[in-house]
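Asker: Provided herewith is a single structure, encoded as structure tokens, for subsequent inquiry.
Numbering (our numbering), first residue to last: 2 to 502.
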């Protein structure tokens, strides 16, 4: 196998683990980014002059949107919530990219919050008039986007999910049920807005994928508002850190997803050379061998299975390290290094099995380990350099890694020959990695007259039919006796093995 083929083989074997490891690091980074975004939004209220009882509603908006985004990121979902910060009549407080809109009310009691959530358009207009507003009903509605026939008894927040403090849910439900029962007797047209509010009442943002925000009570909202005004909200004090939020079920889910991606990449990289070889053979001979289809199928199975295992393990290790599940000291580890180490460990296990089954010697295993570490280091270095020039995530590293793998394989092959020559001439064992065999070859021992012990072999007799052959005239040749002197020299007799040849 040429140095180029060895370099490409190493790249095909290692790229899946590196890709999956990088994907695991990106996953944790996404979660951390959502945590940082929430902390930034809350601490941005530093110095606000608003009273805590007023500011708690704004804090609740960011809290629910932010904690929902964190939970969605943890579970690998693309669903997100957004604080709109609109103050128009009936405007949405928190919108989402999955179709749900939320209006938040954080008032003194559950009845107050429910009442505000069920407020009708006409009630809001009467409040406007009582506060000194001079517009007519028609002007009031048209300036606020209401056109055509407007039912004044409809709720302002029609269609929105109504979010209130978690500790007020029981009182709010009781208030709405009482209002519905009462209005059915005296004002049936008012029942709709109270019933809609009851049906859409929530204490957190929730989607159909199991993602949800952390419920927030009125008291906790006021505490957060006070800290936000001081700009001193710390994620660790709220339990919003990756090491506290991350669970092993999330790690497994993410690692399996990364493993599937790694399996696809590994399969493509291993099948591609076989397909190219088959196409070349088809062009040259006009047909395709059956064995080529077998090699393509085996490369697909081998690449996919091995890539999935390496990718899953690398992604799981990276996620556990960078999230802090395995300690603070491991959070700064580079995902690409984890990927490379995973590949080396996996291949070492395979080679160790070969050693135990006598398919490989210990020195051969050591040689493979050294070669893989050398090639991996070159791939890692050039991958990092390439990433600094090609700013597309992962792609830049993979391009440099391919070049580094091939260059590392060439460099190792070029350095291997002079090292072995040095060991031949000096007897150096490279700290035990090179075997210096000083036994004479069997043919030389026989040549100098020493009897060689051989194990007995059982030779069975074969039946030979009698054959008739014509007599041939043969000329006798006179050959001069020659004296042959065998010359011994040291040379390579195996992988990392030197002896007499």
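Virtual Cβ for every residue (Gly too), placed ideally from N, Cα, C. Nothing here was measured: the structure is a model prediction, and the numbers come from that model.
1) Under the three-state reduction of DSSP, which class applies to residue 107: helix, strand or coil?
2) For residue 341, which residues from the same chain have a beta carbon less than 7 Å from its beta carbon, with the 5 sequence-adjacent residues on both sides left out?
3) Within its chain, find whatever has a CB closer than 6 Å to the CB of residue 97; leave out the 5 residues flanking it on each side and keep chain order.
4) Give every residue of the same chain whose Cβ lies closer than 6 Å to the Cβ of residue 153, excluding the five residues on either side of it in the sequence, and list them in chain order.
5) Under 8 Å, do residue 249 and residue 76 count as touching if we go by C-beta distance?
6) Taking 8 Å as the threshold, find out whether the region 44-52 comes into contact with the region 331-348 through three or more Cβ pairs.
7) Measure the Cβ-Cβ separation of residue 323 and residue 311 and say whether it is below 8 Å.
8) Check whether the region 263-283 touches the region 292-312, taking contact to mean three or more Cβ pairs, one atom from each stretch, closer than 8 Å.
9) Quick check: residue 5 and residue 407, are their CB atoms within less than 8 Å of each other?
10) Between residue 165 and residue 225, what straight-line distance do the alpha-carbon atoms span, to the nearest angstrom?
11) At what residue ranges does the region 103-167 contain a whole run of the beta strand (DSSP E), taking only runs of 3 or more?
12) Where does the unbroken beta strand (DSSP E) through residue 236 begin, and where does it stop?
13) For residue 96, which of helix, strand or coil comes out of DSSP?
14) Who are residue 83's beta bridge partners in DSSP?
15) Just mark residue 209 as buried or exposed, buried being the case when its beta carbon has 16 or more other beta carbons within 10 Å.
16) Would you call the region 54-74 and the region 216-232 in contact, with 3 or more CB pairs under 8 Å?
17) Sorted by chain position, which residues of the same chain lie with C-beta nearer than 8 Å to residue 343's C-beta, five sequence neighbours on each side aside?
18) Which residue or residues does DSSP assign as beta-bridge partners of residue 202?
19) As a quick exercise: from 409, 143 and 74, pick the residue whose alpha carbon is nearest that of residue 39.
20) Would residue 111 and residue 170 qualify as a contact pair, given that the criterion is a beta-carbon distance under 8 Å?
21) I'd like to know if the region 234-246 and the region 128-144 are in contact, where contact means that at least 3 CB-CB pairs between them fall below 8 Å.
22) Out of curiosity, what's the CA-to-CA distance linking residue 442 and residue 365?
23) Would residue 1 and residue 246 be called neighbours here (beta carbons separated by less than 8 Å)?
24) Quick one: grab the DSSP three-state call for residue 45.
25) Along the alpha helix (DSSP H) that carries residue 286, what are the first and last residues, could you check?
26) I believe residue 409 touches residue 8 by the beta-carbon criterion, under 8 Å. Please report the beta-carbon distance rounded to the nearest angstrom.
27) Flag this pair as yes or no: are the beta carbons of residue 256 and residue 25 separated by less than 8 Å?
28) Going straight from the alpha carbon of residue 355 to that of residue 361, what length do you get?
29) Taking just the CA atoms, how far does residue 99 sit from residue 328?
30) Could you say which of 358, 387, 386 and 348 lies nearest to residue 374 if we only look at CA atoms?
31) Between which residues of its own chain and residue 126 is the CB-CB distance below 7 Å, once the five residues before and five after are set aside?
32) Reducing DSSP to helix, strand and coil, say where residue 491 ends up.
33) Would DSSP call residue 296 helix, strand or coil?
34) Please tell me whether residue 227 and residue 107 are closer than 8 Å, where the distance is taken between their beta carbons.
35) Just to confirm my understanding: we take residue 185, look at its own chain, exclude 5 residues before and 5 after, and list those with CB closer than 8 Å. What are they?
Answerer: Based on what the coordinates show:
1) Coil at residue 107, not helix or strand.
2) Around residue 341: 15, 19, 377 and 381.
3) Excluding sequence neighbours, residue 97 sits near 82.
4) Contacts found: 122 and 123.
5) No. Outside cutoff.
6) Of all C-beta pairs linking the region 44-52 to the region 331-348, fewer than three are shorter than 8 Å, placing the two stretches out of contact.
7) Going by C-beta atoms, residue 323 is not nearer than 8 Å to residue 311.
8) Three or more Cβ pairs drawn from the region 263-283 and the region 292-312 lie within less than 8 Å of each other, which places the two stretches in contact.
9) Taking 8 Å as the cut-off, the Cβ atoms of residue 5 and residue 407 count as close.
10) Approximately 16 Å, taken between the alpha carbons.
11) If only uninterrupted beta strand (DSSP E) runs of at least 3 residues are considered, those enclosed by the region 103-167 are 162-164.
12) Counting along the chain, no beta strand (DSSP E) covers residue 236, and no H or E run does either.
13) In this structure, residue 96 counts as strand in the three-state DSSP scheme.
14) 96, per the DSSP bridge assignment.
15) By the 10 Å Cβ count, residue 209 comes out exposed.
16) Touching, yes.
17) Excluding positions up to five away in sequence, the list reads 18, 22, 311, 314, 315 and 318.
18) Answer is 163.
19) The alpha carbon of residue 39 has as its nearest neighbour, out of 409, 143 and 74, the alpha carbon of 74.
20) Less than 8 Å divides the Cβ of residue 111 from the Cβ of residue 170.
21) Counting Cβ pairs under 8 Å, fewer than three are found: no touch.
22) C-alpha separation (whole angstroms): 22 Å.
23) Since the displayed the chain opens at 2 and closes at 502, residue 1 lies outside it and no answer follows.
24) In this structure, residue 45 counts as coil in the three-state DSSP scheme.
25) Where residue 286 is concerned, the enclosing alpha helix (DSSP H) stretches over 249-286.
26) The pair is a contact, with the Cβ atoms about 7 Å apart (cut-off 8 Å).
27) Contact annotation: residue 256 and residue 25 have beta-carbon atoms nearer than 8 Å.
28) Rounded to the nearest whole angstrom, the CA to CA distance from residue 355 to residue 361 is 5 Å.
29) Between residue 328 and residue 99, the C-alpha separation is close to 36 Å.
30) It is 348 whose Cα lies nearest to the Cα of residue 374.
31) Cβ within range, chain order: 138 and 141.
32) DSSP places residue 491 in strand when its eight states are reduced to three.
33) Residue 296 falls in the helix class under three-state DSSP.
34) Cβ distance not < 8 Å, so residue 227 and residue 107 don't count as in contact.
35) Within the same chain, 192 come within 8 Å of residue 185 by CB-CB distance, once the 5 residues on both sides are set aside.
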